[in-house]
Amino acid sequence: MAITILRRLLAAVGVLLLISLFTFMIFFWLSPDPAVQICGKTCTPERIDQIRSQLGLDLPFWQQYWQFLSGIFTGRTYGEGAAAITCAAPCLGFSFQTNESVTDMIVARMPVSVTLAVGAAALWLLAGIGGGLLSAVKQGTGWDRAVMTTALAGISLPNYFVALLLQYLLVVQLRWLPFPQSVTFTEDPLLWFQSYLMPWLVLAFGYAAMYSRIVRTNVIDTLGQNFMRTAKAKGLDAPVVLRRHALRPSLTPVVTLFGMDFAGLLGGALITETVFGLNGVGKLTADSIAKNDQPVIMGVTLLAAALVVVANILVDVTYTYLDPRVRVKSA
Amino acid sequence: MSLTAPRTISIPVAGSTLLEVDHLTVTFPTSSGPVEVVKDASFRVESGDTLGIVGESGSGKSMTSLAIMGLLPRGGTATGSIRLNGHELLGRSDREMRRVRGDKVAMVFQDPLSSLNPYYTVGLQIEEAYRAHNGGSRRDARRVTIEALERVRIADASRRVDHYPHQFSGGMRQRIMIAMALCLEPDLLIADEPTTALDVTVQAQILELLADLQRETGTGMIFITHDLAVVSQVAQDVLVMKDGEQVEAGTAEQVFSNPRAAYTRALLAALPRIDDPFDELKGTSR
Chain A
0 MAITILRRLL AAVGVLLLIS LFTFMIFFWL SPDPAVQICG KTCTPERIDQ IRSQLGLDLP
60 FWQQYWQFLS GIFTGRTYGE GAAAITCAAP CLGFSFQTNE SVTDMIVARM PVSVTLAVGA
120 AALWLLAGIG GGLLSAVKQG TGWDRAVMTT ALAGISLPNY FVALLLQYLL VVQLRWLPFP
180 QSVTFTEDPL LWFQSYLMPW LVLAFGYAAM YSRIVRTNVI DTLGQNFMRT AKAKGLDAPV
240 VLRRHALRPS LTPVVTLFGM DFAGLLGGAL ITETVFGLNG VGKLTADSIA KNDQPVIMGV
300 TLLAAALVVV ANILVDVTYT YLDPRVRVKS A
Chain B
0 MSLTAPRTIS IPVAGSTLLE VDHLTVTFPT SSGPVEVVKD ASFRVESGDT LGIVGESGSG
60 KSMTSLAIMG LLPRGGTATG SIRLNGHELL GRSDREMRRV RGDKVAMVFQ DPLSSLNPYY
120 TVGLQIEEAY RAHNGGSRRD ARRVTIEALE RVRIADASRR VDHYPHQFSG GMRQRIMIAM
180 ALCLEPDLLI ADEPTTALDV TVQAQILELL ADLQRETGTG MIFITHDLAV VSQVAQDVLV
240 MKDGEQVEAG TAEQVFSNPR AAYTRALLAA LPRIDDPFDE LKGTSR
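These protein sequences, in sequence, are chains A and B.
Here numbering that gives the first Met the number 0 is used: the first residue of the first sequence is 0, the next is one more, and so on.
Here numbering that gives the first Met the number 0 is used: the first residue of the second sequence is 0, the next is one more, and so on.
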């Protein structure tokens with residue numbers, strides 16, 4: 000087991016290195032010169048050269064990549080003397096547009112994205128699993144059709160549309176909720192909750208739709224298994240049969256899915272955060288892309304990749320505990 | 000005596016009639032009208048005896064057993080009469096039938112791997128059967144479970160009880176299914192093709208085990224198979240089914256030595272015989 004995990008970790012490091020290399024390559028060759036951007040409109044070629052050497056942009060590719068990579072572990076300093084800017088480890092780069100280290104920018108936005116992801120995940124797991132289960136057990140009835148129709152809507156309606164629709168209904172027309180504002184929980188718990196409620200719902204809707212369909216399929220599949228007949232033939236109560244024998248085989252595969260989706264969301268919900276004006280990592284990404292703030296885009300890309308890779312390992316380890324066929328070798 | 004019928008079922012006396020099935024008809028609705036998958040079947044099982052039900056796929060033999068268990072697939076209805084120790088089973092609520100299932104009538108299925116839940120240890124799966132009917136502590140249930148595993152000759156039962164189904168061989172898994180069925184000491188055991196998925200040597204071991212356990216406990220048994228050779232080894236009485244109809248019924252001796260139905264004769268003729276090298280030729284000439 001320990002060896003398996005170690006091997007997975009090594010592989011993960013390899014994957015992350017590759018991702019960082021590719022991201023770096025894209026920005027190195029494909030995007031406009033950051034020095035020109037920083038220099039602004041009243042710029043002289045001498046000034047550009049000065050900035051280039053200050054930022055290390057005149058160095059060859061591998062050297063620049065190495066600087067970037069080592070900066071993550073040891074931190075780095077841009078420029079020299081009094082004008083030098085230090086970026087403490089883990090340094091994912093420095094944004095000269097905002098004069099902040101990328102790491103600090105991400106860390107500052109992380110709480111919003113985490114809050115969004117956790118709340119939405121709780122909602123979509125509840126709705127997705129509940130809905131899927133109901134749909135499967137009441138297969139072919141009105142319940143089933145109602146859940147599946149809603150799920151179809153959740154899958155096909157774009158996030159931003161649902162967000163706008165919800166805002167229009169709940170905030171403008173019905174006035175049940177105030178317009179979302181960026182407050183922390185400690186400042187005003189009620190307003191905090193009200194501000195997050197719509198983003199949670201919007202985000203959860205799409206995922207819940209997908210999850211309910213998957214859970215429904217899994218449960219129906221499990222209900223048709225021979226061991227379900229055995230369970231009934233033993234004289235077990237119907238709820239026990241469902242809870243013990245149908246649920247676990249049906250929900251174990253969902254763990255894999257959930258790990259990936261949740262990790263993806265921690266890396267920022269771009270559209271939802273933007274629509275609701277939430278200052279999370281997703282909004283940071285969107286803003287940085289709009290401003291072409293390359294160091295930030297690179298930082299969030301790496302973060303998102305790292306989260307998915309880590310989640311992947313966690314899911315694999317969890318899975319071995321959930322499925323005895325993976326955990327225990329045949330005798 | 001309590002007023003609830005299922006608890007009043009008497010203790011079987013050897014040789015007394017355990018199960019009486021009369022005019023059992025199982026119907027399924029289809030788009031082109033109802034289809035009878037079992038038509039007017041009537042038979043008896045004496046306690047301590049074995050009734051072999053023989054037939055090819057789709058002959059209705061499995062539906063007959065599921066009707067007795069009250070576990071017909073959705074949409075299926077059974078009419079007629081199924082009496083266990085004189086008590087009618089048809090028409091009972093699912094709740095009442097749950098007390099019969101496992102406790103009075105237990106079942107062993109064809110494919111032991113898919114019949115066991117891969118996510119739970121075999122011990123837990125036997126324990127839950129015991130506890131569903133007897134309550135009691137987990138420790139009691141575990142003791143009974145280990146005893147049951149020992150009775151079906153699983154070596155090192157106290158350790159194996161915590162293993163998962165995939166850690167056992169096919170024959171062992173079927174022993175586990177049998178242990179599960181017998182831990183509650185049912186009056187009737189329905190074995191639905193219990194050896195079909197197993198290879199021949201294991202098949203023989205399982206048949207021997209079933210016979211031994213039946214001698215010990217006096218359980219009545221319905222043995223469903225498509226294999227006449229197997230029936231001749233285990234059953235005192237034989238019922239031959241075809242297309243949902245009962246084409247022949249009688250003692251094993253009668254059916255094998257003096258079959259009345261043409262279908263039974265054809266089935267018997269299809270059996271390879273070790274003492275008759277020209278069997279194949281003879282079979283085709285008939």
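We treat Cβ as the ideally placed atom computed from N, Cα and C, and that holds for glycine.
For clarity, every value in this text was computed on a predicted model and none was experimentally measured.
- Secondary structure of A/Q49 (DSSP, three-state): helix.
- Fewer than three beta-carbon pairs drawn from the segment 187-200 of chain B and the segment 159-166 of chain B are found closer than 8 Å, and the two stretches are therefore not classed as touching.
- A Cβ-Cβ separation of about 6 Å places A/L301 in contact with A/T22 under the 8 Å criterion.
- The beta carbon of A/V146 is closer than 7 Å to those of G130, L133, S134 and S211 in its chain, skipping five residues each way along the sequence.
- Nearest CB-CB separation between A/D236 and chain B: below the 8 Å threshold.
- In the DSSP assignment, B/M179 forms no beta bridge with any residue.
- The beta carbon of B/P111 sits closer than 6 Å to those of R172, Q173 and M176, all from its chain and outside the five residues before and after it, given in chain order.
- A distance below 8 Å separates the beta carbons of B/L181 and B/L212.
- By the Cβ-count criterion, B/N84 is buried, with 16 or more other Cβ atoms from all chains shown falling within 10 Å of its own Cβ.
- Sequence-distant partners of A/V316 (beyond 5 residues in either direction) whose C-beta falls short of 7 Å from its own C-beta, in its chain, are I4.
- The secondary-structure analysis by DSSP pairs B/L23 across a beta bridge with B/A40.
- Within chain B, not a single residue places a beta-carbon under 7 Å from that of A/T317; the smallest gap is close to 14 Å.
- Chain A has no Cβ within less than 8 Å of the Cβ of B/N84.
- Between B/R98 and chain A, the shortest Cβ-Cβ separation is below 8 Å.
- Residues of the same chain with a CB within less than 7 Å of the CB of A/A116, apart from the 5 flanking positions on each side, are F261, L264 and L265 in chain order.
- Judged by DSSP secondary structure, A/C38 falls within the alpha helix (DSSP H) whose first and last residues are P33 to C38.
- Scanning the segment 205-249 of chain A from its first residue to its last, the whole alpha helix (DSSP H) runs of 4-plus residues come out as 225-232.
- Separation of A/I47 and A/P59 (C-alpha to C-alpha, rounded to the nearest whole angstrom) is 17 Å.
- The C-alpha of B/G57 is placed about 15 Å away from the C-alpha of B/A66.
- Here A/G141 is exposed, its C-beta having fewer than 16 other C-beta atoms within 10 Å.
- Nearest CB-CB separation between A/P252 and chain B: not below the 8 Å threshold.
- The beta carbon of B/V34 sits closer than 6 Å to the beta carbons of F27 from its chain, once the five residues preceding and following it are set aside; these are given in chain order.
- The alpha carbon of A/M197 has as its nearest neighbour, out of A/V327, A/T271 and A/D322, the alpha carbon of A/T271.
- Annotation for B/T250: the continuous beta strand (DSSP E) segment containing it runs E244 to T250.
- Annotation: A/P238 to A/T73 spans about 57 Å, alpha carbon to alpha carbon.
- Within the segment 149-176 of chain B, the residues whose Cβ lies closer than 8 Å to some Cβ of chain A are H162, Y163, H165, Q166, F167 and M176, listed in chain order.
- Measuring C-alpha to C-alpha distances from A/F257 to each of A/L269, A/W123 and A/D292 identifies A/W123 as the nearest.
- Judged by their CB atoms, A/V218 and A/K231 are not nearer to each other than the 8 Å cut-off.
- Among the CB atoms of chain B, none fall inside 8 Å of the CB of A/A135.
- For A/V327, the neighbours in chain B by C-beta distance under 9 Å run, in chain order, H162, Y163, H165 and Q166.
- In the DSSP assignment, A/M104 falls within the alpha helix (DSSP H) that extends over V101 to V136.
- Per DSSP, the continuous alpha helix (DSSP H) segment holding A/S19 begins and ends at A1 to L29.
- Cβ neighbours of B/T218 within its own chain (closer than 6 Å, five residues either side excluded): L188.
- Closest option to A/S69, judged by alpha-carbon separation, among A/I84, A/L91 and A/V253: A/L91.
- Against chain B, the beta carbon of A/T216 has no neighbour under 9 Å; the closest one sits roughly 18 Å away.
- Not a single CB atom of chain B sits nearer than 8 Å to the CB of A/T255.
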